[in-house]
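Q: Protein chains in written order, with this note's numbering: chain A, 1 to 160; chain B, 161 to 320.
Protein chains: 2
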Amino acid sequence: MRFTANYTNKVDKKGRVSVPSRFRALLAASEFNGVAVYESFKLPCLEASSREFIDGLSEQLNEEFGAFDDEKEALAAALLGGTFDLPFDAEGRILLPQPLLRFAGITDTAVFVGVGEKFLIWEPQAWEVYREEQRALARAAALKLGALRRRPELSRGAET
Amino acid sequence: MRFTANYTNKVDKKGRVSVPSRFRALLAASEFNGVAVYESFKLPCLEASSREFIDGLSEQLNEEFGAFDDEKEALAAALLGGTFDLPFDAEGRILLPQPLLRFAGITDTAVFVGVGEKFLIWEPQAWEVYREEQRALARAAALKLGALRRRPELSRGAET
DNA sequence: CATGATATCCCATACTGTCCCATCACGGCG
DNA sequence: CGCCGTGATGGGACAGTATGGGATATCATG
Chain A
1 MRFTANYTNK VDKKGRVSVP SRFRALLAAS EFNGVAVYES FKLPCLEASS
51 REFIDGLSEQ LNEEFGAFDD EKEALAAALL GGTFDLPFDA EGRILLPQPL
101 LRFAGITDTA VFVGVGEKFL IWEPQAWEVY REEQRALARA AALKLGALRR
151 RPELSRGAET
Chain B
161 MRFTANYTNK VDKKGRVSVP SRFRALLAAS EFNGVAVYES FKLPCLEASS
211 REFIDGLSEQ LNEEFGAFDD EKEALAAALL GGTFDLPFDA EGRILLPQPL
261 LRFAGITDTA VFVGVGEKFL IWEPQAWEVY REEQRALARA AALKLGALRR
311 RPELSRGAET
């Protein structure tokens with residue numbers, strides 16, 4: 001399950017969006033014909049993955065913590081309480097609930113970004129901004145890596 | 161039995177609320193056509209689940225604590241004694257008893273939050289506050305969640 | 001036994017989520 | 001270069017849900 005690349009799709013008046021077919025193909029393996037979508041904890045966007053993935057996490061919570069564990073309760077509330085199981089319609093679209101649209105600031109367009117075992121759903125503008133930041137970081141990291149390869153012994157002070 | 165997502169519904173003057181159909185669908189498996197609702201021990205909200213689940217909990221209490229443990233007695237009494245079996249009416253609504261409404265501070269609107277094997281019923285404002293706190297904690301606990309995963313490669317996507 | 005408050009039941013109505021079908025845009029293939 | 005298949009969009013039709021009221025049972029009381 002490796003989501004990659006990014007696609008920009010329209011969100012119609014009813015709140016429907018087509019999930020990129022490439023992504024849908026990856027999710028086909030899932031028993032549930034749809035995606036589990038939730039609000040990202042760190043970023044102003046939505047995250048989506050197979051329902052099994054989320055199930056796995058919540059199961060872990062039940063196993064690792066006791067039935068009456070406070071921390072488990074809190075994590076479950078944050079994770080499951082914010083996760084919507086959205087089924088695909090015949091055309092491969094999902095209906096994004098108002099709360100999710102509001103959280104991500106999405107109105108009529110959404111950007112789907114594959115990031116490994118899950119994908120993000122952004123409001124175009126926000127995505128542009130975030131992307132710029134990441135590019136800057138990547139650039140810095142690349143330079144650093146380059147420096148490391150060329151002169152391993154000197155890498156410590158090689159901030160270019 | 162896996163409750164997820166959150167829905168906001170109206171509570172009419174009579175104290176009736178529609179239980180989200182998705183939740184109702186999950187409870188359909190239960191022989192009792194309704195839900196078991198009780199006051200949460202830790203949070204200022206109500207908790208609800210199938211009658212069967214409550215029975216399971218009380219059994220668990222017997223296992224986790226000694227048979228004559230005072231705490232167990234207290235918990236069991238509070239849980240079993242304070243639980244209301246609320247049946248669905250023809251429209252899928254339940255009538256929340258005054259005591260429960262007062263406890264949760266619910267007046268004309270209620271938020272249903274799925275948290276796995278049960279769901280919570282909150283007063284909107286209170287839920288919003290609690291939710292923000294939990295999101296912050298969840299962000300902090302991200303590493304912990306990652307550590308819980310059996311398959312480490314699954315946690316390597318973009319940062320949650 | 002009468003009475004008011006409370007719980008049920010039933011019906012009417014506005015919405016919203018789904019489903020189905022038509023149109024378009026884009027590439028690949030005769 | 002036009003035909004065709006797949007994916008993305010839009011809209012309309014309908015059924016399932018969420019809500020509100022009013023009429024009817026129930027029950028604890030005075």
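A virtual CB, placed ideally from N, CA and C, is assigned to each residue, including glycine. Keep in mind that this is a model prediction, so the values were computed, not measured.
Could you tell me whether the segment 184–203 of chain B touches the segment 92–101 of chain A, using the rule of 3 or more Cβ pairs below 8 Å?
A: No, the segment 184–203 of chain B is not in contact with the segment 92–101 of chain A.
Q: Where does B/G194 land, buried or exposed, given buried means 16+ other C-beta within 10 angstroms?
A: Within the second sequence, the letter at position 34 stands for residue 194 of chain B. When all chains shown are included, B/G194 counts as buried.
Q: Ignoring anything shorter than 4 residues or poking outside the segment 12–61 of chain A, list the alpha helix (DSSP H) runs there in chain order.
A: Listed in chain order, they are 21–27.
Q: So what does DSSP say about A/K72, is it helix, strand or coil?
A: The residue you call residue 72 of chain A lines up with position 72 of the first sequence. Helix at A/K72.
Q: Taking 8 Å as the limit between beta carbons, can you name the residues of its chain near A/G15, skipping five residues before and five after?
A: The residue you call residue 15 of chain A lines up with position 15 of the first sequence. Taken in chain order, the residues that qualify are L95, L96, P97, Q98, L101.
Q: Tell me the DSSP secondary structure of B/L289 in three-state form.
A: Working through the second sequence from its first residue, we reach residue 289 of chain B at position 129. Going by the sequence as given, residue 289 of chain B is Val instead of Leu. Residue state, collapsed to three classes: helix.
Q: Is A/G105 helix, strand or coil by DSSP?
A: Translated into positions along the first sequence, residue 105 of chain A becomes position 105. Reduced to three states, the DSSP call for A/G105 is coil.
Q: Nearest-angstrom Cα distance between A/A74 and A/R135?
A: Mapped onto the first sequence, residue 74 of chain A falls at position 74. Mapped onto the first sequence, residue 135 of chain A falls at position 135. For A/A74 and A/R135, the distance between alpha carbons rounds to 34 Å.
Q: In terms of residue numbering, what span does the beta strand (DSSP E) encompassing B/L255 cover?
A: By 1-based counting over the second sequence, the position of residue 255 of chain B is 95. Note, B/L255: beta strand (DSSP E), 253–255.
Q: Verify whether the separation of the beta carbon atoms of B/V273 and B/N166 is less than 8 Å.
A: As a first step, residue 273 of chain B must be located in the second sequence, where it is residue number 113. As a first step, residue 166 of chain B must be located in the second sequence, where it is residue number 6. Yes. Within cutoff.
Q: On the three-state DSSP scale, how would you describe A/G114?
A: Working through the first sequence from its first residue, we reach residue 114 of chain A at position 114. A/G114 falls in the strand class under three-state DSSP.
Q: By how many angstroms is the C-alpha of B/L206 removed from the C-alpha of B/T320?
A: Locating residue 320 of chain B in the second sequence gives position 160, where the first residue counts as 1. Locating residue 206 of chain B in the second sequence gives position 46, where the first residue counts as 1. With a pLDDT of only 49 at B/T320, under 50, the local geometry of the prediction cannot be trusted, and no value is derived from it.
Q: My understanding is that A/F3 touches A/G116, with C-beta atoms under 8 Å, so please give their C-beta distance in whole angstroms.
A: Counting from one through the first sequence, the residue named residue 3 of chain A turns up at place 3. Counting from one through the first sequence, the residue named residue 116 of chain A turns up at place 116. Confirmed, Cβ separation roughly 6 Å.
Q: Under 8 Å between C-beta atoms, does A/L27 make it to chain B?
A: By one-based count along the first sequence, residue 27 of chain A stands at place 27. Chain B, which has no Cβ nearer than 8 Å to the Cβ of A/L27, makes this no.
Q: Is the shortest distance between the beta-carbon of B/V273 and the beta-carbons of chain A less than 8 Å?
A: Residue 273 of chain B sits at position 113 when you count from the first residue of the second sequence. Answer yes: the Cβ-Cβ gap between B/V273 and chain A drops below 8 Å somewhere.
Q: In its own chain, which residues sit with a C-beta less than 8 Å from the C-beta of B/T269, not counting the 5 before and 5 after it?
A: Residue 269 of chain B sits at position 109 when you count from the first residue of the second sequence. The residues are T168, N169, K170, V171, E283, P284.
Q: Around the Cβ of B/E293, are there at least 16 other Cβ atoms within 10 angstroms (buried) or fewer (exposed)?
A: Taking the first residue of the second sequence as 1, we reach residue 293 of chain B at position 133. Answer is exposed; the Cβ neighbour count stays below 16.
Q: Comparing the C-beta of B/L297 with each C-beta of chain A, is any distance below 8 Å?
A: The residue you call residue 297 of chain B lines up with position 137 of the second sequence. Cβ-Cβ to chain A under 8 Å: yes for B/L297.
Q: Measuring CB to CB, does B/K327 end up less than 8 Å from A/D55?
A: No statement about residue 327 of chain B is possible, as the shown extent of chain B runs from 161 to 320 and does not include it.
Q: Taking B/A196 as the reference, which of B/A189, B/W287, B/S210, B/P204 has the closest Cα?
A: Working through the second sequence from its first residue, we reach residue 196 of chain B at position 36. The residue with the shortest Cα to Cα distance from B/A196 is B/S210.
Q: Determine the chain B residues that contact A/A78 at a beta-carbon separation under 8 Å, and present them in chain order.
A: As a first step, residue 78 of chain A must be located in the first sequence, where it is residue number 78. The contacting residues are R291, Q294, R295, L297, A298.
Q: What residue range is occupied by the uninterrupted beta strand (DSSP E) comprising B/F163?
A: Residue 163 of chain B sits at position 3 when you count from the first residue of the second sequence. From DSSP, B/F163 is part of no beta strand (DSSP E); its letter is neither H nor E.
Q: So, are the CB atoms of A/I121 and A/A48 less than 8 Å apart?
A: For the purposes of this step, residue 121 of chain A is taken as residue 121 along the first sequence, with counting starting at 1. For the purposes of this step, residue 48 of chain A is taken as residue 48 along the first sequence, with counting starting at 1. Their beta carbons are under 8 Å apart, which means A/I121 touches A/A48 by this criterion.
Q: To the nearest angstrom, how far is it from the Cα of B/S371 to the Cα of A/A142?
A: Lying outside 161 to 320, the shown extent of chain B, residue 371 of chain B is not represented and no answer is given.
Q: Does any CB atom of chain B fall closer than 8 Å to the CB of A/E52?
A: Residue mapping note: residue 52 of chain A aligns to position 52 of the first sequence, counting from 1. No, its Cβ sits nowhere closer than 8 Å to a Cβ of chain B.
Q: Using the C-alpha atoms, what's the distance from A/S21 back to B/G317?
A: What you label residue 317 of chain B is simply residue 157 of the second sequence in a count that begins at 1. What you label residue 21 of chain A is simply residue 21 of the first sequence in a count that begins at 1. With a pLDDT of 40 at B/G317, under the threshold of 50, the modelled position of that residue is not reliable, and the figure given next carries that caveat. The alpha-carbon atoms of B/G317 and A/S21 are separated by roughly 20 Å.
Q: Between A/S30, A/A78, A/E31, which has its C-alpha nearest B/F279's C-alpha?
A: The residue labelled residue 279 of chain B in the question sits at position 119 within the second sequence. If we check each option's Cα against that of B/F279, A/A78 comes out closest.
Q: With DSSP as the reference, please indicate the residues paired to A/F88 in a beta bridge.
A: Residue 88 of chain A sits at position 88 when you count from the first residue of the first sequence. In DSSP, A/F88 forms no bridge with anything.
Q: For A/E52, which residues in the same chain have their Cβ closer than 7 Å to its Cβ, ignoring the five residues on either side in sequence?
A: To locate residue 52 of chain A, count along the first sequence from 1; it is residue 52. Result list for A/E52: S30, in chain order.
Q: Could you please tell me which residues of the segment 33–45 of chain A, in chain order, have their CB closer than 7 Å to any CB of chain B?
A: The segment 33–45 of chain A vs chain B, Cβ under 7 Å: S40, F41, K42.
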